[in-house]
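Taking the UniProt record's numbering, I'd label the letters of the sequence shown as residues 1 to 433.
We put the CB at the ideal spot given by N, CA and C, even for glycine.
One structure is given below, encoded as structure tokens.
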Amino acid sequence: MTAFMTVVGIVVFVVGLLVSIAWHELGHLSTAKLFGIRVPQYMVGFGPTLWSRRKGETEYGIKAIPMGGYIRMIGMFPPGEDGKVTARSTSPFRSMIEDARSAAYEELQPGDESRLFYTRRPWKRVIVMFAGPFMNLVLAVAIFLTTLMAFGVNTQTTVVGSVSDCVIQQSEKRDKCAAGDPAAPAKAAGLAQGDKIVAFNGKKTEDWGTLQKNIRATVGPATLTVERAGKLVELKANLIENKVAKTDGDGRYVEGQYVTAGFLGFAPANGYVEQSFGQSVARMGDMMEAGVQSLIDLPSRIPALWDAAFNGAEREQDGPMGIVGAARVSGEIVSLDVPAQHRLVFFLNLLAGFNLSLFLFNMLPLLPLDGGHIAGALWESVRRNVARLFRRPDPGPFDVAKLMPVAYVVAGVFVCFTVLVMIADVVNPIKIT
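What follows is the structure, encoded as structure tokens:
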């Protein structure tokens, strides 16, 4: 049954991946058509075509390898010195195998002269190229808002998960009581698993972070108000000093660092806590910031990724993960022995995170990514406006095709990195359990 559910999880992720890719390309397609650019092809995937159908002037289809997608627009580059014009694919993989001009010249049809991508105003080209990543951002935000507000965040709560039998310093790293260990204050006060602490010393507590701070700031007598079997019960506890793990500003434990603080002696239970709209927006801001930082740190992660793939080193749990790894994690999530709601939230957040990564990655100002074409259009706008300001001749469209040698190098690096991540995901995968 576990193997079957794992396969189901992988299939569901692949479907979600295809939807995300199709949604991305739909952004390019819809805005290109809005501005009158001819789009001969809209494809999800690469490789052999599994299915296609022509509607109007555009062929829509699905290909065998779900590793990306593309639309083909006429006139992505301005004419070369020979006066020829090319159509250009928005796909980074296609851009490596298509000639920058001659292939597009062959695709020109009568009447296309007024429907070329490069002839559109720079701001229109920016919109067309930005629309794809923006669709991924919209999908990520929609999913994150849904999971955060409808289901919540899986976090520590004020519900008692377990009660310690005795007082043990956390720095000792043992979980069994020894002779002479004093009873834990929570145990002596009668706190029990499943109790929900609703007030500490008469002050209402709604989240674990606040309760934890109050406990650590208290040494001596304290009153706990707990909800037990639908009734409120007051317990008297006598908190003591103990060496406990240090926490950062967000309540996370700092490994290997300890402080002396008030000690009650229980572990909180985890549960989903619904977030308000404001809290959800703040969390998404943190996710965006973390995503940008991860992108910046990507080159520095390559040595560890190489060691994990080829030298048997331990895989970094927060390291880069590709489509193969994400599919494996999706299968693992679906096969977990946890409530269906938890599995659904895990999967949705994985899909949302993937879409957020697509947005950030595609916004890099490098060809053949969407961000590279955006940078080219913006640079053209700057050149023309400067020329107009100083009454100089119009320099004309910026020839992005001249940057294709750089694009080939960038694409080659991306392909090598993708292969490295794929190997690591196969031989030494990241596991959530």
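Taking residue 50 as the reference, give the member of 58, 66, 40 with the closest Cα.
Your numbering for residue 50 matches position 50 in the sequence shown. Of the listed residues, the one whose Cα sits closest to residue 50 is 66.
Proximity of residue 365 and residue 375 at Cβ, strictly below 8 Å
Taking the sequence shown and counting its residues from 1, the one referred to as residue 365 is at position 365. Taking the sequence shown and counting its residues from 1, the one referred to as residue 375 is at position 375. In contact: residue 365 and residue 375 (Cβ atoms closer than 8 Å).
Skipping 5 residues on each side, what residues in its chain have a beta carbon closer than 6 Å to that of residue 140?
Numbered from its first residue, the sequence shown carries residue 140 at position 140. Only 352, 355, 356 meet the Cβ criterion.
Please state whether DSSP places residue 2 in a helix, a strand or coil.
Residue mapping note: residue 2 aligns to position 2 of the sequence shown, counting from 1. Reduced to three states, the DSSP call for residue 2 is helix.
DSSP has residue 226 in a bridge; who is on the other side?
Indexing the sequence shown from 1 puts residue 226 at position 226. Partner(s): 197, 233.
Measure how close the beta-carbons of residue 319 and residue 301 come, nearest whole angstrom, since I'm counting them as under 8 Å.
Looking up residue 319 in the sequence shown gives position 319. Looking up residue 301 in the sequence shown gives position 301. At roughly 5 Å, the Cβ-Cβ gap stays under 8 Å, so residue 319 and residue 301 are in contact.
According to DSSP, residues forming a beta bridge with residue 271
Taking the first residue of the sequence shown as position 1, residue 271 is located at position 271. Per DSSP, 155.
Are the beta-carbon atoms belonging to residue 37 and residue 5 less than 8 Å from one another?
Mapped onto the sequence shown, residue 37 falls at position 37. Mapped onto the sequence shown, residue 5 falls at position 5. Taking 8 Å as the Cβ cut-off, residue 37 and residue 5 do not qualify as a contacting pair.
Stretch pair the stretch 181 to 198 + the stretch 259 to 267: three plus CB contacts closer than 8 Å:
yes
Quick one: grab the DSSP three-state call for residue 245.
Counted from its first residue, the sequence shown places residue 245 at position 245. Strand.
Does chain D have any CB closer than 8 Å to the CB of residue 257?
In the structure shown, chain D cannot be found, because there is only a single protein chain.
C-beta atoms of residue 170 and residue 237 nearer than 8 Å:
Residue numbering aside, residue 170 sits at position 170 when the sequence shown is read from its first letter. Residue numbering aside, residue 237 sits at position 237 when the sequence shown is read from its first letter. Against a cut-off of 8 Å, the Cβ pair of residue 237 and residue 170 comes out as no contact.
Since residue 220 sits in a beta bridge, which residues does DSSP pair it with?
Mapped onto the sequence shown, residue 220 falls at position 220. Paired residue(s): 239.
Under the rule that 16 or more other beta-carbon atoms within 10 Å means buried, what is residue 122, buried or exposed?
Residue mapping note: residue 122 aligns to position 122 of the sequence shown, counting from 1. Residue 122 is buried by the Cβ-count criterion.
Exposed or buried, which one is residue 341 when buried takes at least 16 other CB atoms within 10 Å?
Residue 341 sits at position 341 when you count from the first residue of the sequence shown. Exposed: under 16 other Cβ atoms inside 10 Å.
Is residue 303 buried or exposed, if buried means 16 or more other CB atoms sit within 10 Å of its CB?
Stepping through the sequence shown from its first residue, residue 303 is reached at position 303. Residue 303 comes out exposed.
Any idea what DSSP makes of residue 257, helix, strand or coil?
The count along the sequence shown starts at 1 and reaches residue 257 at position 257. DSSP places residue 257 in strand when its eight states are reduced to three.
Within 8 Å, strictly: CB atoms of residue 438 and residue 394
Because the chain here runs from 1 to 433, residue 438 falls outside it and cannot be looked at.
Who are the Cβ neighbours of residue 328 in its own chain at under 6 Å, not counting the five residues just before and after it?
Here residue 328 refers to the residue found at position 328 of the sequence shown. Around residue 328: 429.
Start and end of the alpha helix (DSSP H) containing residue 285?
Within the sequence shown, numbered from 1, the residue matching residue 285 stands at position 285. Residue 285 -> alpha helix (DSSP H) spans 277 to 310.
Does residue 110 pass the burial test, meaning 16 or more other C-beta atoms within 10 Å, or should it be called exposed?
Here the question's residue 110 lines up with position 110 in the sequence shown. Counting Cβ neighbours within 10 Å, residue 110 comes out exposed, since fewer than 16 surround it.
Report yes if the C-beta distance between residue 181 and residue 226 is below 8 Å; otherwise report no.
Translated into positions along the sequence shown, residue 181 becomes position 181. Translated into positions along the sequence shown, residue 226 becomes position 226. Their beta carbons are not under 8 Å apart, which means residue 181 does not touch residue 226 by this criterion.
Helix, strand or coil at residue 53 [DSSP, three-state]:
Stepping through the sequence shown from its first residue, residue 53 is reached at position 53. Correct three-state label for residue 53: strand.
Just the Cα atoms here: how many angstroms apart are residue 76 and residue 277?
Working through the sequence shown from its first residue, we reach residue 76 at position 76. Working through the sequence shown from its first residue, we reach residue 277 at position 277. The straight-line gap from Cα to Cα measures roughly 41 Å.
Under 8 Å, do residue 157 and residue 273 count as touching if we go by C-beta distance?
On the sequence shown, residue 157 is found 157 positions in, with the first residue counted as 1. On the sequence shown, residue 273 is found 273 positions in, with the first residue counted as 1. Cβ atoms of residue 157 and residue 273: closer than 8 Å.
Do residue 291 and residue 360 have their beta-carbon atoms positioned less than 8 Å apart in this structure?
Residue mapping note: residue 360 aligns to position 360 of the sequence shown, counting from 1. Residue mapping note: residue 291 aligns to position 291 of the sequence shown, counting from 1. Yes. Within cutoff.
With H, G and I counted as helix, E and B as strand and the rest as coil, what does DSSP make of residue 314?
In the sequence shown, the residue the question calls residue 314 occupies position 314. Reduced to three states, the DSSP call for residue 314 is coil.
Would you check whether the ligand SAM has a heavy atom nearer than 7 Å to the C-beta of residue 334?
Questions concerning the ligand SAM fall outside what the structure shown contains, since it holds no ligand whatsoever.
Whole-angstrom distance between residue 63 and residue 213, CA atom to CA atom:
If you number the sequence shown from 1, residue 213 lands on position 213. If you number the sequence shown from 1, residue 63 lands on position 63. Going from the Cα of residue 213 to the Cα of residue 63 covers about 55 Å.
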